[in-house]
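Structure first, commentary second.
Residue numbers (this note's numbering): 157 to 598.
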């Protein structure tokens with residue numbers, strides 16, 4: 157097949173060992189409909205990972221499709237450098253109202269929006285607190301994107317350690333990974349360590365950056381109750397900015413529009429991406445308080461303005477899709493219907509808790525991670541060469557569902573629009589795939 161030959165010989169896939177990929181004959185997706193994807197050979201699959209955590213209302217939603225077509229009849233893209241754009245202005249107003257953050261700067265990927273957040277925070281703190289404020293605080297196991305600034309605040313060694321000579325210095329606090337913590341005082345001890353780090357370096361720190369409620373790429377590590385609010389409070393006490401990276405958790409993924417709502421937290425900077433366009437087009441945003449924004453105002457010759465931008469900042473088609481997605485949230489009462497779906501998924505997967513190779517099932521809203529272990533009593537992990545997580549996702553693919561693991565953590569993150577019937581079917585495939593994967597006795 158010509159497409160497959162070109163795919164194997166020419167296209168370099170992200171986070172993919174291409175030698176292994178060429179041997180697997182992975183599906184080549186041709187179209188989508190609702191919560192399903194269809195490949196070039198006519199096979200259908202549930203989109204169990206929301207096309208990498210970004211699809212919200214399903215594929216080919218008529219309202220979003222129509223909004224993009226309508227915008228195409230007007231203009232596909234025009235620059236925001238010194239000009240306005242109708243859909244970008246309207247979306248900024250909606251986002252500001254939703255987030256309670258009155259100023260919005262667009263980008264085209266989550267990592268790019270994280271870079272914006274950090275550069276703005278740095279410039280603001282240099283002006284207001286002096287030149288000694290140069291460091292950021294992040295958390296072990298954190299992931300904020302793949303550009304060098306975002307990697308500098310990333311805490312996953314397998315992704316980030318090789319680039320260390322290229323990165324700026326970051327102070328890392330321990331991640332509250334309850335399952336792997338050596339005792340039952342995870343929240344208390346991780347917060348104490350964070351507090352000590354902050355207090356010892358307060359006059360050097362620009363901001364704390366955190367994935368609120370869930371560390372996604374680390375394996376769906378769910379933070380203990382109250383942890384986020386405590387981090388926010390301690391950052392405020394030390395006069396340090398607080399950046400909430402909601403690229404993965406925003407737009408309903410945790411059961412609320414934004415994850416910070418779970419702990420009633422208001423950040424200084426809110427970073428958005430992925431679900432912002434319901435998975436249709438690349439768009440991201442960093443939202444700021446008025447205090448930060450106004451520090452950049454002044455006469456042209458003072459050069460206080462933010463000297464940063466992207467060619468496709470505020471792209472008209474992407475903003476039109478995002479506006480339509482917000483309309484769908486309202487029209488279909490997406491958030492209001494999530495509670496029952498979240499409980500259904502929890503109940504459907506409960507039986508896996510007794511599986512001899514399931515260490516923990518973690519869930520926050522419609523974000524689920526199932527950690528596979530070689531020995532559940534000692535919590536011993538599998539040898540990476542065994543690729544147990546990958547074997548499970550291949551089994552799920554054979555049964556008609558696309559999912560993707562994070563090492564040996566199986567991620568399940570279906571579109572929010574999934575019906576209860578579809579969720580039961582997907583959970584059934586997930587359970588069968590784990591149960592049928594050949595895992596030797598320990």
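Here a beta-carbon is modelled for each residue, glycine too, at the ideal position from N, C-alpha and C.
For residue i, the first and last residue of its enclosing beta strand (DSSP E)
i: residue 291; result: 291-295
i: residue 361; result: 361-366
i: residue 539; result: Where residue 539 is concerned, there is no enclosing beta strand (DSSP E), given that its DSSP letter is neither H nor E.
i: residue 515; result: 514-520
i: residue 327; result: 326-329
Member of the options whose CA lies at the smallest distance from the CA of residue i
i: residue 433; options: 158, 171, 202 and 209; result: 209
i: residue 460; options: 451, 468 and 467; result: 451
i: residue 292; options: 268, 246 and 398; result: 398
i: residue 110; options: 512, 420, 441 and 400; result: The first residue shown for the chain is 157 and the last is 598, placing residue 110 beyond what the model contains.
i: residue 237; options: 494, 368, 471 and 570; result: 471
i: residue 485; options: 250, 176 and 230; result: 250
i: residue 515; options: 224, 534 and 501; result: 534
i: residue 363; options: 477, 259 and 289; result: 289
i: residue 336; options: 273, 374 and 303; result: 374
i: residue 285; options: 311, 448 and 440; result: 448
i: residue 412; options: 427, 588, 387 and 490; result: 490
i: residue 506; options: 525, 328, 488 and 246; result: 525
i: residue 499; options: 466, 424, 380 and 583; result: 583
i: residue 295; options: 557, 196 and 387; result: 387
i: residue 565; options: 578, 555, 530 and 252; result: 530
i: residue 193; options: 593, 393, 589 and 571; result: 571
i: residue 523; options: 423, 165, 377 and 160; result: 377
i: residue 181; options: 189, 501, 195 and 190; result: 195
i: residue 331; options: 372, 320 and 355; result: 372
i: residue 242; options: 478, 488 and 593; result: 478
i: residue 437; options: 443, 468 and 307; result: 468
i: residue 232; options: 305, 475 and 588; result: 475
Residues bridged to residue i [DSSP beta-bridge criterion]
i: residue 561; result: 566
i: residue 386; result: In DSSP, residue 386 forms no bridge with anything.
i: residue 259; result: 444
i: residue 377; result: 371
Residue i - containing alpha helix (DSSP H), residue span
i: residue 357; result: 342-357
i: residue 282; result: 266-285
i: residue 305; result: 304-308
i: residue 401; result: Segment 397-401 is the beta strand (DSSP E) holding residue 401; no alpha helix (DSSP H) there.
i: residue 552; result: 544-554
i: residue 497; result: 494-505
DSSP-derived helix/strand/coil call for residue i
i: residue 442; result: strand
i: residue 587; result: helix
i: residue 319; result: helix
i: residue 480; result: helix
i: residue 424; result: coil
i: residue 527; result: strand
i: residue 144; result: The chain is shown only over 157 to 598; residue 144 falls outside these bounds and no answer can be derived.
i: residue 597; result: Residue placement at residue 597 cannot be trusted, given a pLDDT of 47 that sits under 50; the coordinates are not used to answer.
i: residue 394; result: coil
i: residue 243; result: helix
i: residue 431; result: helix
i: residue 582; result: helix
i: residue 248; result: helix
i: residue 409; result: coil
i: residue 455; result: coil
i: residue 488; result: coil
i: residue 404; result: coil
i: residue 509; result: helix
i: residue 335; result: helix
i: residue 232; result: coil
i: residue 460; result: coil
i: residue 160; result: helix
i: residue 577; result: helix
i: residue 437; result: coil
i: residue 418; result: helix
Beta carbon proximity, residue i to chain D, threshold 9 angstroms
i: residue 546; result: The structure shown contains no chain D; it holds only a single protein chain.
- Query: Which residue spans inside the segment 163-224 form an unbroken beta strand (DSSP E) run of at least 3?
  - Reply: Within the segment 163-224, the runs of beta strand (DSSP E) that reach at least 3 residues and sit entirely inside it are, in chain order, 185-189, 192-195 and 200-203.
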